[in-house]
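Below: the structure, in structure tokens.
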């Protein structure tokens with residue numbers, strides 16, 4: 001903000017902005033007074049827009065913007081004055097400035113030069129077109145995602161193949177680190193969740209089956225359900241939320257800070273160092289976590305069986321053995337590595353898709369978790385159909 | 001220069017980070033309408049001083065007065081008013097990465113003023129042109145800009161409210177010599193146009209001799225000397241000043 005006189009604290013009356021138009025000889029003069037700053041810009045702009053542009057009766061009439069009464073001026077004020085002068089000039093009144101100090105003159109000239117640069121107009125496509133455009137993009141996005149994920153699966157397979165041929169590419173330290181983080185540290189929460197869900201399922205089943213006198217079969221139901229579906233699904237969902245999102249965030253923030261580009265230029269393949277150890281670690285730990293989940297589910301059910309059915313450990317085990325066998329256990333377990341592969345692939349791929357902004361990182365972490373859980377459930381359904389078709 | 005008016009006054013500042021004492025008794029005055037360059041070896045707290053003056057870092061002792069008011073004794077409302085009177089350009093622009101350049105420039109306007117969108121757009125485009133950016137960069141996101149453009153956009157945001165003081169943290173670091181010299185000219189031009197007071201942390205000798213009216217030298221945990229850049233060369237009375245202003249690079253910058 002430029003002041004006409006720096007030393008003086010301005011009284012309020014001088015600061016109140018305003019203007020009036022007067023005719024003197026052949027000169028229309030806009031006399032501006034007070035403080036023309038951005039704080040007053042809205043009021044001034046409104047008043048200036050309402051102001052009729054004087055129509056020159058003959059060509060020798062000229063316009064003048066007199067700023068000698070202005071106490072404070074900033075870019076917004078100078079822009080308003082310049083805009084008005086341009087409007088007057090546009091309607092045939094040759095308009096100039098008068099009463100400027102050196103600093104006011106520089107500011108007004110600079111603003112005048114700059115406001116000639118017209119901003120590029122952004123077109124508004126309209127609601128219907130906008131909507132159909134969004135739909136097309138959304139559907140195209142699904143197709144694009146499927147293609148990207150498939151090609152990423154190919155790239156990861158290729159990386160594993162190469163690591164078998166050239167074992168020094170494998171990063172054991174990184175692999176163990178992710179075993180620790182995605183596996184070992186997930187044990188308490190997965191054990192707790194599975195214990196609680198096992199207990200809840202058993203309790204509900206007993207309550208529902210008791211009127212038919214079939215409450216003992218709640219044990220059969222829980223046994224099958226826990227081993228085939230609940231254990232592996234709960235574990236996969238927990239891991240997708242815990243580790244899938246972590247993968248995206250870790251790789252994504254490296255991408256944001258160009259660390260991944262740096263790796264490439266140093267001849268370090270991010271597929272070897274970042275992606276392969278993470279996915280391999282998940283493939284190893286998810287079946288192990290699923291096993292823990294299965295057992296905890298059965299223990300939770302056992303606690304409820306004791307409380308509601310009065311079954312002791314031996315009786316509970318006997319009832320379980322009568323219906324559950326190894327193929328039920330395997331039907332659940334066989335899904336775990338595939339779920340791990342999906343979570344790892346989606347997590348790493350979303351991480352690599354992150355672009356420069358913090359918002360983009362957040363978006364991709366969210367979509368990594370959502371996509372991973374969605375795909376795990378879809379694959380689970382496909383497995384369920386396949387396994388029952390082949391009679392397991 | 002009898003009419004020089006102090007706009008920032010720092011008295012008796014002390015700060016310690018862990019075991020490292022940065023300043024013991026630092027005094028500094030910044031006068032209205034000047035471009036002051038802050039120089040000093042690394043670890044002398046050049047950037048920290050900027051952060052202390054703008055209230056981002058608390059000093060251990062001492063006072064900082066801006067516009068005659070102690071910045072640490074302001075009420076929250078007064079702090080907001082004060083913040084509208086200065087603008088800060090951080091080292092890499094510190095633009096909000098999720099907003100476009102235009103939206104970045106409008107952030108302070110939205111926060112402090114109540115303007116219609118069309119006027120904010122016009123003013124933001126004006127600021128963009130004033131810092132020498134093309135209108136087509138307005139809708140880009142910071143990650144799509146080059147380092148120099150990010151700094152210009154950051155400067156446009158710092159100038160959004162027509163502040164009286166602009167703090168620049170190493171404005172020419174990371175720019176090529178041509179880009180740096182253009183940026184120096186831009187700072188000089190904006191300073192004249194908008195009547196700004198510029199507080200510039202730098203170690204670019206070229207820009208010190210090109211734009212700074214005065215430099216303040218940070219060394220030995222205090223400001224050892226202030227004065228015109230040329231006087232530093234003529235009377236280097238401190239080992240660091242001698243090394244810095246009379247070294248090979250300084251001679252090249254002066255030539």
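Chains as they are written, first to last, in my numbering: chain A, 1 to 392; chain B, 1 to 255.
A virtual CB, placed ideally from N, CA and C, is assigned to each residue, including glycine.
* To do: Quick one: using the 10 Å Cβ neighbour count with 16 as the cut-off for buried, is residue 162(B) buried or exposed?
  => The residue given as residue 162(B) occupies position 162 in the second chain. The residue is buried, with at least 16 neighbouring Cβ atoms inside 10 Å.
* Which residues in the same chain have their Cβ closer than 6 Å to the Cβ of residue 249(A), if we skip the five residues on either side of it in sequence? -> Against the first chain, residue 249(A) aligns to sequence position 249. Cβ within range, chain order: 365.
* Cα-Cα, which of 182(B), 249(B) and 169(B) is closest to residue 47(B)? -> Residue 47(B) sits at position 47 when you count from the first residue of the second chain. With distances taken between Cα atoms, residue 47(B) lies closest to 169(B).
* To do: Could you tell me the distance, in whole angstroms, from the CA atom of residue 172(B) to the CA atom of residue 130(B)?
  => By one-based count along the second chain, residue 172(B) stands at place 172. By one-based count along the second chain, residue 130(B) stands at place 130. Going from the Cα of residue 172(B) to the Cα of residue 130(B) covers about 18 Å.
* Asked: Between the C-alpha atoms of residue 18(A) and residue 106(A), what's the straight-line distance to the nearest angstrom?
  -> For the purposes of this step, residue 18(A) is taken as the residue at position 18 of the first chain. For the purposes of this step, residue 106(A) is taken as the residue at position 106 of the first chain. Taking the straight line from one Cα to the other gives about 22 Å.
* Which term fits residue 69(B), buried or exposed, when burial requires 16 or more other beta carbons within 10 angstroms of its beta carbon? -> On the second chain, residue 69(B) is found 69 positions in, with the first residue counted as 1. Classification for residue 69(B): exposed.
* On the DSSP bridge assignment, give the partners of residue 32(A) in chain order. => Taking the first residue of the first chain as 1, we reach residue 32(A) at position 32. Paired residue(s): 19(A).
* To do: For residue 165(B), collect the residues of the same chain with a Cβ closer than 6 Å to its Cβ; drop the 5 residues on either side in sequence, then sort them by chain order.
  => Counting from 1 along the second chain, the entry for residue 165(B) is found at position 165. For residue 165(B), where only same-chain residues beyond five positions count, the Cβ hits under 6 Å are 86 and 197.
* Three or more C-beta pairs below 8 Å linking the region 273-289 of chain A and the region 168-184 of chain A -> yes
* Span of the beta strand (DSSP E) around residue 230(A) -> Taking the first chain and counting its residues from 1, the one referred to as residue 230(A) is at position 230. Segment: none, residue 230(A) is in no beta strand (DSSP E) and carries neither H nor E.
* To do: Leaving out five residues on either side along the sequence, give the residues of the same chain with a beta carbon under 8 Å from the beta carbon of residue 64(A).
  => To locate residue 64(A), count along the first chain from 1; it is residue 64. Around residue 64(A): 27, 28, 29, 30, 95, 96, 97 and 98.
* Any chain A beta carbon closer than 7 Å to residue 17(B) -> The count along the second chain starts at 1 and reaches residue 17(B) at position 17. Cβ-Cβ to chain A under 7 Å: no for residue 17(B).
* Asked: Mind pulling the chain A residues with CB within less than 7 Å of residue 186(B)?
  -> Counted from its first residue, the second chain places residue 186(B) at position 186. Neighbours of residue 186(B) on chain A: none; closest Cβ ~12 Å, over 7 Å.
* To do: Write down every uninterrupted run of the alpha helix (DSSP H) in the region 297-326 of chain A whose length is 4 residues or greater and which is fully enclosed by it, in chain order.
  => DSSP runs (the alpha helix (DSSP H)) wholly in the region 297-326 of chain A: 313-323.
* Looking at the C-beta of residue 14(B), does it have a partner C-beta in chain A at a distance below 7 Å? -> For the purposes of this step, residue 14(B) is taken as residue 14 along the second chain, with counting starting at 1. Answer no: the Cβ-Cβ gap between residue 14(B) and chain A never drops below 7 Å.
* **Residue from 108(A), 392(A), 207(A) and 382(A) with nearest C-alpha to residue 79(A)** => Position 79 of the first chain, counted from the start, is the residue given in the question as residue 79(A). For residue 79(A), the nearest C-alpha among the options comes from 108(A).
* Got a sec, what are the start and stop residues for the alpha helix (DSSP H) residue 230(B) sits in? -> Residue mapping note: residue 230(B) aligns to position 230 of the second chain, counting from 1. 229-234 is the extent of the alpha helix (DSSP H) around residue 230(B).
* Minimum C-alpha distance to residue 225(A) - residue among 133(A), 301(A) and 246(A) -> The residue labelled residue 225(A) in the question sits at position 225 within the first chain. Measuring from the Cα of residue 225(A), the nearest candidate turns out to be 301(A).
* Once you ignore the five residues that flank residue 346(A) on each side, which residues in its own chain have a CB closer than 6 Å to its CB? -> Translated into positions along the first chain, residue 346(A) becomes position 346. Taken in chain order, the residues that qualify are 368, 371 and 372.
* Any Cβ of chain A within less than 7 Å of the Cβ of residue 156(B)? -> Locating residue 156(B) in the second chain gives position 156, where the first residue counts as 1. Residue 156(B) does not count as touching chain A.
* Asked: Should the region 105-117 of chain B be regarded as contacting the region 61-79 of chain B, the criterion being three or more beta carbon pairs within less than 8 Å?
  -> Here the region 105-117 of chain B does not lie against the region 61-79 of chain B, with fewer than 3 beta-carbon pairs under 8 Å apart.
* To do: Please classify residue 129(A): does DSSP put it in a helix, a strand, or coil?
  => If you number the first chain from 1, residue 129(A) lands on position 129. Note: residue 129(A) maps to helix in three-state DSSP.
* Round the Cβ separation of residue 3(A) and residue 71(A) to the nearest angstrom and send it over; I've been treating them as touching at under 8 Å. => Numbered from 1 along the first chain, position 3 holds the residue referred to as residue 3(A). Numbered from 1 along the first chain, position 71 holds the residue referred to as residue 71(A). At roughly 7 Å, the Cβ-Cβ gap stays under 8 Å, so residue 3(A) and residue 71(A) are in contact.
* Residue span of the alpha helix (DSSP H) that contains residue 248(B), given as start and end -> Taking the first residue of the second chain as 1, we reach residue 248(B) at position 248. It spans 248-254 - the alpha helix (DSSP H) in which residue 248(B) sits, taken as one unbroken run.
* For the 8 Å Cβ check, are there 3 or more pairs between the region 301-320 of chain A and the region 191-211 of chain A? -> yes
* To do: Kindly indicate which three-state DSSP category residue 214(B) falls into: helix, strand or coil?
  => Translated into the one-based positions of the second chain, residue 214(B) becomes position 214. Three-state DSSP puts residue 214(B) in a strand.
* Quick one: residues in its chain with C-beta nearer than 7 Å to the C-beta of residue 92(A), no 5 flanking neighbours on either side, listed in chain order? => Stepping through the first chain from its first residue, residue 92(A) is reached at position 92. Excluding positions up to five away in sequence, the list reads 56.
* Is any beta-carbon of chain A found at less than 7 Å from that of residue 9(B)? -> The count along the second chain starts at 1 and reaches residue 9(B) at position 9. Answer no: the Cβ-Cβ gap between residue 9(B) and chain A never drops below 7 Å.
* Asked: Among the residues of its own chain, which have a CB less than 6 Å from the CB of residue 91(B), if the five just before and after it don't count?
  -> Looking up residue 91(B) in the second chain gives position 91. So the list reads 169 and 170, once near-sequence residues are dropped.
* To do: For the beta strand (DSSP E) containing residue 35(B), list its first residue and its last residue.
  => Against the second chain, residue 35(B) aligns to sequence position 35. First-last of the beta strand (DSSP E) with residue 35(B): 35-40.
* For residue 158(A), does the three-state DSSP call read helix, strand or coil? -> Here residue 158(A) is taken as the residue at index 158 of the first chain, counted from 1. Note: residue 158(A) maps to helix in three-state DSSP.
* Asked: Span of the beta strand (DSSP E) holding residue 11(B)?
  -> As a position in the second chain, residue 11(B) is number 11, starting the count at 1. That run of the beta strand (DSSP E) goes 6-17.
* Output yes or no for whether 7 Å exceeds the beta carbon distance between residue 215(B) and residue 238(B). => The residue you call residue 215(B) lines up with position 215 of the second chain. The residue you call residue 238(B) lines up with position 238 of the second chain. No. Outside cutoff.
* With 16 other Cβ atoms within 10 Å as the buried cut-off, status of residue 375(A) -> Along the first chain, read from residue 1 onward, the residue named residue 375(A) stands at position 375. Counting Cβ neighbours within 10 Å, residue 375(A) comes out buried, since at least 16 surround it.
* To do: Taking only beta-carbon positions, decide if residue 2(A) is within less than 7 Å of chain B.
  => Here residue 2(A) corresponds to residue number 2 of the first chain, with the count starting at 1. The C-beta of residue 2(A) comes closer than 7 Å to at least one C-beta of chain B.
* Are three or more beta carbon pairs between the region 339-358 of chain A and the region 239-253 of chain A nearer than 8 Å? -> yes
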